[in-house]
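4 protein chains.
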Amino acid sequence: MNVYLHKNAMHTKTEKQRQIIEAAIELIAEKSIQQLTIKNLAKKLGVTDGALYRHFNSKIDILLGILHMFQAEARENLEQVKKSRLPALQQFEDIFLYRLKYFTQRPAVAAVIFSESIFQNDVRLTRAVNEFLTMHEDTLRIIIERGIRKGEIRKGILIDETIYITIGSMRYLVTRWRLKGRDFDLYEKGVQLLGNLKELLKC
Amino acid sequence: MNVYLHKNAMHTKTEKQRQIIEAAIELIAEKSIQQLTIKNLAKKLGVTDGALYRHFNSKIDILLGILHMFQAEARENLEQVKKSRLPALQQFEDIFLYRLKYFTQRPAVAAVIFSESIFQNDVRLTRAVNEFLTMHEDTLRIIIERGIRKGEIRKGILIDETIYITIGSMRYLVTRWRLKGRDFDLYEKGVQLLGNLKELLKC
Amino acid sequence: MNVYLHKNAMHTKTEKQRQIIEAAIELIAEKSIQQLTIKNLAKKLGVTDGALYRHFNSKIDILLGILHMFQAEARENLEQVKKSRLPALQQFEDIFLYRLKYFTQRPAVAAVIFSESIFQNDVRLTRAVNEFLTMHEDTLRIIIERGIRKGEIRKGILIDETIYITIGSMRYLVTRWRLKGRDFDLYEKGVQLLGNLKELLKC
Amino acid sequence: MNVYLHKNAMHTKTEKQRQIIEAAIELIAEKSIQQLTIKNLAKKLGVTDGALYRHFNSKIDILLGILHMFQAEARENLEQVKKSRLPALQQFEDIFLYRLKYFTQRPAVAAVIFSESIFQNDVRLTRAVNEFLTMHEDTLRIIIERGIRKGEIRKGILIDETIYITIGSMRYLVTRWRLKGRDFDLYEKGVQLLGNLKELLKC
DNA sequence: GATGAATGAGGGTTCATTCAT
DNA sequence: GATGAATGAACCCTCATTCAT
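Chains as they are written, first to last, in this note's numbering: chain V, 7 to 209; chain D, 7 to 209; chain S, 7 to 209; chain B, 7 to 209.
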């Protein structure tokens with residue numbers, strides 16, 4: 007396989023690329039996204055700095071790799087839930103609890119998704135985060151619309167605002183969890199929060 | 007005024023310190039928080055790097071200066087609203103709309119407040135952000151409790167979760183606004199969002 | 007008094023100059039000679055950096071001031087001993103024990119005298135240290151010569167070498183004392199060392 | 007060879023590390039230890055500052071590298087002399103003259119060994135100098151004890167004090183040589199001094 | 001006499017990236 | 001594919017010194 011092809015291809019990662027991304031995620035989880043340097047990453051992988059550049063054109067591409075991985079994984083979950091045809095509020099719950107469980111198991115994911123301020127310098131990174139969020143918003147929009155039509159969600163609610171409320175409250179929960187050093191059970195608190203949200207949204 | 011005093015005093019900033027903080031805020035607004043370097047800041051002020059160290063002990067202290075300024079300003083607003091004795095939902099609106107107006111006028115404030123991922127390396131910065139958030143949560147808690155007692159807010163709502171919902175949705179609105187390059191009117195959207203929130207919360 | 011005169015005059019120090027030198031000595035004793043910066047010194051004196059330059063033309067002049075003070079003080083002791091007409095070996099003891107007592111009381115003096123490596127960059131400082139040492143050597147030479155003539159010190163000893171032996175061993179004692187964090191009684195050990203030296207030198 | 011290993015290994019230096027240490031020693035000899043800056047050192051080696059950090063973690067580690075080199079070299083000499091089974095006073099001479107010859111050839115060594123006042127800020131450096139001195143003291147102690155037992159050195163002499171006298175006088179000789187700009191023949195004077203010392207110590 | 005502000009040169013260090021081998 | 005070495009730009013910070021007020 008041509009070396010210059012696979013470095014640019016979006017969704018076909020080589021085994022080595024996957025390893026690097028995996029190591030990067032671990033590094034972020036153990037230390038912080040600020041500690042994700044080429045040097046540290048190479049050390050963790052047991053290779054030299056230069057070696058990484060055989061597999062990625064730049065550090066930004068590694069970060070994009072992480073984001074794409076998350077995105078692919080989230081997309082799959084969203085699609086599945088959409089197809090499930092369960093009641094709207096149940097779908098809600100499925101999406102958010104899945105996400106929280108994922109964050110609990112892999113805190114690095116949260117660290118990356120919540121690093122907009124660090125990504126601000128690069129268009130591609132900003133765009134990737136944007137796409138990630140938009141993807142969730144779009145799915146929620148479909149679910150909410152359907153829920154309203156089916157009488158599962160109270161009328162008189164503006165859809166876009168409801169999206170902000172749900173995503174926003176979940177994000178803030180995660181933010182607090184991270185700032186407080188993960189000293190409470192994210193999933194458990196999420197269940198409570200979702201209960202409240204559902205209470206507010208239902209007819 | 008003694009030179010060694012003003013560097014440590016928390017809330018008594020010299021004129022020069024205020025100028026530096028102001029320039030830092032502008033710099034963040036124009037470029038990004040990543041571009042807030044001592045060199046850039048000094049250049050913006052038309053002085054040399056070293057000059058800044060007459061007024062602040064470190065770059066972190068400058069960032070703390072910014073945060074403390076916001077905090078002082080926010081605290082004042084929160085206190086005023088608390089004392090106002092308006093209906094709970096009105097107080098809600100006052101707090102959030104004030105905040106959004108502020109962000110609109112000074113986008114740098116949002117940039118700083120939302121930079122947790124950058125601050126993560128420093129305890130003092132993390133603590134300052136934490137205090138800022140906690141301060142808002144505490145005020146909201148008081149308002150919500152009072153609102154429930156007075157029958158202005160629907161019963162059966164968990165207070166903590168309501169706090170997460172309100173703060174979270176406002177934060178997400180700002181996050182979206184920032185990621186989309188401030189291409190919509192934050193205040194206007196905020197009014198809509200608040201309308202929805204109030205609808206959900208009222209009896 | 008003309009401001010430009012007193013700054014250059016060698017041995018007539020103003021009260022303020024004496025205060026500054028005193029503070030510098032204290033600073034060295036408390037911290038280390040590396041911590042003797044204009045800023046630290048000014049802070050200790052409760053004035054601003056610039057103020058010091060009213061009294062000394064440069065930091066080097068302050069260091070020279072310290073050295074001159076020591077020199078004057080040592081000269082007085084040496085003269086007194088020389089005049090005392092006590093037996094040579096007794097004079098020996100007087101000089102060295104006086105010095106050790108002085109070092110014990112004012113560790114900063116030792117810190118300065120033993121800072122040749124730091125002074126190496128400046129001719130005047132090197133010269134001052136040189137003069138300090140030469141002064142001691144000259145006095146010892148006179149005492150030893152007299153001691154040999156009077157039959158108090160064994161013949162067949164080369165005078166210069168004896169000087170090196172005595173000064174050197176005392177200096178090394180002080181060096182060890184300093185490197186070991188002053189964890190033994192310098193004076194007491196000095197008495198022992200001198201006993202041995204006298205034993206070696208006497209007829 | 008792994009890049010992360012060799013930076014921490016104590017006594018196995020890479021070729022490049024040796025080159026850097028060598029350049030540092032030359033720099034100190036030509037200028038002074040105060041001129042040993044990362045920038046000057048890199049310039050001398052014809053590389054950029056950062057390049058040095060591939061080979062040493064910090065400037066202090068470079069200094070430690072120098073000290074360890076000296077220490078290894080001195081240890082070898084001391085061991086050899088100890089094993090030689092020559093008369094005690096001869097062993098004395100061997101040690102000190104070897105040292106002086108070394109200093110004559112490499113004045114930088116003296117500059118570093120006599121830089122305690124500069125090292126005072128760092129524990130590791132202080133410790134290294136301490137070890138260097140202690141190593142010499144320990145060897146001398148063994149030699150002197152043996153000399154006394156064999157009747158080569160006069161009885162009634164306190165061993166520790168004799169150590170101070172010998173090391174101290176040699177050090178002072180070197181100090182004088184350095185302060186006087188190396189304007190006399192260190193080795194020649196050392197022979198004289200040792201002659202005197204031996205005269206004083208022998209039975 | 002002292003202050004407050006600034007300078008300018010330099011300090012050690014980090015980091016993404018490149019490239020010959 | 002990987003290594004080892006280097007680059008160059010940037011980073012935060014320190015310090016002796018100057019000077020208008």
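From the three backbone atoms N, C-alpha and C, an ideal C-beta is built for every residue, glycine too.
For residue i, go through chain D and note every residue whose CB falls closer than 9 Å to its CB, in chain order.
| i | result |
| --- | --- |
| residue 171 of chain V | 171, 172, 174, 175, 178, 199, 202, 203, 206 |
| residue 120 of chain V | 122, 123 |
Residues in the same chain with beta-carbon distance under 6 Å from residue i, minus the five sequence neighbours each way, listed in chain order, please.
| i | result |
| --- | --- |
| residue 207 of chain S | 159 |
| residue 163 of chain B | none |
| residue 99 of chain V | 200 |
| residue 110 of chain D | 192, 193 |
| residue 87 of chain S | 97, 100, 101 |
Find the residues of chain D that neighbour residue i, judging by a C-beta separation of less than 7 Å, and give them in chain order.
| i | result |
| --- | --- |
| residue 40 of chain V | 126, 127 |
Hey, would you say residue i sits closer than 9 Å to residue j, going by beta carbons?
| i | j | result |
| --- | --- | --- |
| residue 139 of chain B | residue 182 of chain S | yes |
| residue 123 of chain S | residue 124 of chain B | yes |
| residue 119 of chain S | residue 147 of chain S | no |
| residue 33 of chain B | residue 114 of chain B | yes |
| residue 107 of chain B | residue 178 of chain B | no |
| residue 152 of chain B | residue 94 of chain B | yes |
| residue 31 of chain D | residue 97 of chain D | no |
| residue 41 of chain S | residue 40 of chain B | no |
| residue 141 of chain S | residue 81 of chain S | yes |
| residue 185 of chain B | residue 132 of chain S | yes |
| residue 202 of chain V | residue 167 of chain D | yes |
| residue 165 of chain V | residue 154 of chain V | yes |
Among all the DSSP beta bridges, which residues are the ones paired with residue i?
| i | result |
| --- | --- |
| residue 5 of chain D | Outside the modelled stretch of chain D, which goes from 7 to 209, sits residue 5 of chain D, for which no answer is possible. |
| residue 208 of chain S | S:159 |
So residue i contacts chain V; which residues on that side make the cut at Cβ distance below 8 Å?
| i | result |
| --- | --- |
| residue 163 of chain D | 202, 205, 206 |
What in chain V is Cβ-close to residue i, meaning under 7 Å?
| i | result |
| --- | --- |
| residue 167 of chain D | 198, 199, 202 |
Taking C-beta pairs closer than 8 Å, name the residues in chain B that residue i reaches, listed in chain order.
| i | result |
| --- | --- |
| residue 47 of chain S | Ordered by position in chain B, no residue passes the 8 Å Cβ test against residue 47 of chain S, which lies about 17 Å from the chain. |
| residue 185 of chain S | 122, 132, 135, 136, 139 |
Counting only the same chain and skipping the five closest in sequence on each side, list residues whose C-beta sits under 8 Å from that of residue i.
| i | result |
| --- | --- |
| residue 27 of chain V | 19, 68, 71, 72, 75 |
| residue 137 of chain V | 77 |
| residue 173 of chain V | 139, 142, 143, 146 |
| residue 157 of chain S | 209 |
| residue 50 of chain S | 29, 32, 33 |
Once you ignore the five residues that flank residue i on each side, which residues in its own chain have a CB closer than 7 Å to its CB?
| i | result |
| --- | --- |
| residue 54 of chain D | 48 |
| residue 195 of chain D | 179 |
| residue 46 of chain D | 33 |
| residue 22 of chain D | 61 |
| residue 212 of chain B | Summary: the structure shown does not reach residue 212 of chain B, with chain B confined to residues 7 through 209, and so no result is reported for it. |
| residue 65 of chain B | 44 |
| residue 188 of chain V | 113 |
| residue 57 of chain V | 48 |
Which chain V residues sit within Cβ distance under 9 Å of residue i?
| i | result |
| --- | --- |
| residue 181 of chain D | 122, 139, 174, 177 |
Every unbroken alpha helix (DSSP H) inside the region 41 to 79 of chain S [4 residues or more]
44 to 51, 55 to 58
Could you tell me which uninterrupted alpha helix (DSSP H) segments, each at least 4 residues in length, are contained entirely in the region 104 to 141 of chain S, listed from first to last along the chain?
113 to 119, 122 to 125
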